[in-house]
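J.: Residue numbers for the sequence shown follow my numbering, so the first one is 2 and each next one is one higher. Could you have a look at this structure, given as structure tokens, before my questions?
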Amino acid sequence: MKSSHKAKHLISIDDLSSQEIQTVFGLAQKIKKSPQSYRNALQGRMFGLIFEKPSTRTWISFEVGIQSMGGGTIYLGPEDIHLGVREAVKDVARVLDRYLDGVILRTFAHETIITFEHYFHKPVINGLSDFEHPCQALADFLTIREKSSARHKPILAYIGDGNNVLNSLILLAAKLGSHVRYATPANFPPSEGVLKKVREYSRRTGAAIEAFTDPKKAVECADFVYTDIWVSMGEEAKGQSKMQSFKGFQVNRELLRGASKGVKIMHCLPAHRGEEITDEVLEGKQSIVFGQAENRLHVQKAILIHLCT
Ligand code: CP
Ligand code: NVA
């Protein structure tokens, strides 16, 4: 686990030491309280947002975050740049290195971000790949921290696919010493490479990361229950067959009976109501999904300041 270093990029949660994660949280809380104090923090800096997939939260929160801190943005969507198709990723990276002060990348293959970073010498931020979604996980744990009592270590239960979101969540939880109980179908676990790091870090931090294939067991006494879509962007072709594996994994009123009384509901959004979560639960009093989405903005501003200044 990295310590006393300053990350140059945020491609994986693993790029940040536990100390840096606390710095980002502290900064995000200050920014949330007093956004005007940071209005010139990125003055004169230009950022590219290169997105191979659609986005609402990540795209808009990064653009708003950068512009509200005095920086400029250029968005390049799926139709604009054709990374690796019109031109090799390494060529695009070397050209943009001469124009931009940082890049936020959303890609299909995680490898694309790794290659880009190799040839781009300023901060690269992963805005979601098929392997990780680090900005999401940071906003999620800031939200959990805000909504938890200081006297009690909260239990986060994640129910659903062992995907990019879960990989980042458990890696972050392991670094923070947190308690996560996740349930995925046996054939859709998180990455084995991530689990190896999670085991190593947990030994040092005292984190408890427990794996289940029964959602009812995972939600027992949970303070937060989190889910994500079952078919991620880029998986549409295998969507129908994949969906069969998720019977019983819906976050609904029945499943939540075993959770703690004041359980809070989380979802990274977009949600597919009637699939991974019911409309009733998503819209219910215990849902904190929109506050969670808002925290994307504050956390990403903190990430930008941490990496770029
Ligand atoms: N949660 C999230 O990353 O949302 P977008 O896909 O809309 O950016
Ligand atoms: N797992 C989802 C997250 C969307 C924010 C996806 O990759 O599509």
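Yeah, the Cβ is synthetic: ideal placement off N, Cα and C, and Gly gets one too.
Just verifying my parser: in three-state terms, what is the DSSP assignment at G161?
T.: Collapsing the DSSP output to three states places G161 in coil.
J.: Grab the span of the beta strand (DSSP E) containing T116 for me, first residue to last.
T.: Segment H111 to Y120 is the alpha helix (DSSP H) holding T116; no beta strand (DSSP E) there.
J.: Which runs of the beta strand (DSSP E), 3 residues or longer, sit entirely within the region 187 to 266?
T.: Fully enclosed beta strand (DSSP E) runs of 3 or longer: 209 to 213 and 225 to 228.
J.: Can you tell me whether K1 is buried or exposed? The criterion is at least 16 other CB atoms within 10 Å of its CB, across all chains shown.
T.: The first residue shown for the chain is 2 and the last is 310, placing residue 1 beyond what the model contains.
J.: Determine which residues share a DSSP beta bridge with R182 and list them.
T.: A158 and E211
J.: What did DSSP end up calling F52 once you bin it into helix, strand or coil?
T.: strand
J.: Taking Cβ positions, are I14 and P124 nearer each other than 7 Å?
T.: no
J.: Any heavy atom of the ligand NVA within a distance shorter than 6 Å of the CB on S246?
T.: no
J.: Compute the minimum distance between the beta carbon of S62 and the heavy atoms of the ligand NVA, and state whether it is under 6 Å.
T.: no
J.: Using the Cα positions of G72 and R205, report the straight-line distance between them to the nearest angstrom.
T.: 39 Å
J.: According to the neighbour-count rule (16 or more other Cβ atoms, all chains shown, within 10 Å of its Cβ), is N127 buried or exposed?
T.: Answer is buried; the Cβ neighbour count reaches 16.
J.: Kindly indicate the opening and closing residues of the alpha helix (DSSP H) around R95.
T.: V90 to L97
J.: Which stretch, first to last residue, makes up the alpha helix (DSSP H) that contains V290?
T.: Segment V290 to C309, the alpha helix (DSSP H) holding V290.
J.: Does at least one heavy atom of the ligand NVA sit under 6 Å from the Cβ of C269?
T.: yes
J.: Taking the alpha helix (DSSP H) that R58 falls in, what are its first and last residues?
T.: For R58, the enclosing alpha helix (DSSP H) starts and ends at R58 to Q68.
J.: Considering only the alpha carbon of each residue, which of G275, Y227, S233 and I266 lies closest to K248?
T.: G275
J.: Is it the case that the CB of N253 approaches a heavy atom of the ligand NVA more closely than 6 Å?
T.: Result no, Cβ not under 6 Å from the ligand NVA.
J.: Shortest alpha-carbon distance to D215 belongs to which of V252, S242 and E237?
T.: Proximity to D215 across V252, S242 and E237 peaks at V252, based on C-alpha coordinates.
J.: Cβ of V125 within 6 Å of any heavy atom in the ligand NVA?
T.: no
J.: In whole angstroms, what is the alpha-carbon distance linking A209 and A303?
T.: 27 Å
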